[in-house]
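Here is the structure we will look at, set down as structure tokens.
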Amino acid sequence: MRIRRVSFDHPDAVKLNDQVQAEYAVRYGDDGDATPMASSDFDPPNGIYLIAYDEHDTPVASGGWRAQDVNDEGNLDGDAELKRMFVVEQVRGRGLARRILAALEEDARAAGRVRMVLETGLKQPEAIALYTSSGYEPCAKFGYYRHHEASRCFAKSL
1 MRIRRVSFDH
11 PDAVKLNDQV
21 QAEYAVRYGD
31 DGDATPMASS
41 DFDPPNGIYL
51 IAYDEHDTPV
61 ASGGWRAQDV
71 NDEGNLDGDA
81 ELKRMFVVEQ
91 VRGRGLARRI
101 LAALEEDARA
111 AGRVRMVLET
121 GLKQPEAIAL
131 YTSSGYEPCA
141 KFGYYRHHEA
151 SRCFAKSL
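Taking UniProt numbering, the leading residue of the sequence shown gets 1, the next gets one more, and so forth.
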């Protein structure tokens, strides 16, 4: 697998984003994640978006981070918010999410971010397992879904 930096509006990023949104819709019975995001949120040095490609150059996994500082949604200065972590079903269980997560953490640290934060939901137990096994701990809720009962937020010092 090769991991490449792309823009959030790259055609492969859009394709994977559509797939993760469809999965969220099935899991939560809604239209997917409504968190406002712009492609520029992931432009270095204030973020990055990564895609893993298989040996056939097919996009199979994604993830990004975007800079957040203290705001009315509960973020703190120096936060790097993890977004759109996703692995297509056919290649799950091969460590791709862990590889992307490590690359995102390294990049956020190099950009001067001090804490990686993420929001996920109770209907994503495999995501919760990935994050907790990677050193993330529950934190105060933040972000678009901070008032939702099924929302869970995690943080890890960088």
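Backbone N, C-alpha and C define an ideal beta-carbon position, used for all residues, glycine too. The model shown is predicted, which means the values in this text are computed figures rather than measured ones.
Sixteen is the threshold: when 16 or more other Cβ atoms of the shown chains lie within 10 Å of the Cβ of serine 62, as they do, the residue is buried. When DSSP reads this structure, proline 138 sits in a beta bridge with Phe154. Taking 7 angstroms as the cut-off, the beta carbon of valine 26 is found no closer than this to the beta carbon of phenylalanine 86.
The straight-line gap separating the alpha-carbon atoms of methionine 116 and glutamate 149 is approximately 22 angstroms. Counting the other Cβ atoms within 10 Å of the Cβ of valine 14 gives fewer than 16, which makes it exposed. With a cutoff of 7 angstroms on beta-carbon distance, serine 39 and aspartate 18 are scored as not near each other.
With a contact defined as Cβ atoms closer than 8 angstroms, isoleucine 3 and alanine 103 qualify at about 6 angstroms. Taken through DSSP and simplified to helix, strand or coil, valine 60 comes out as strand.
Taking every protein chain shown into account, the CB of asparagine 75 has 16 or more other CB atoms within 10 angstroms, so this residue is buried. Taking the Cα of arginine 5 as reference, the smallest distance to any Cα among Pro138, Met37 and Trp65 is reached at Trp65.
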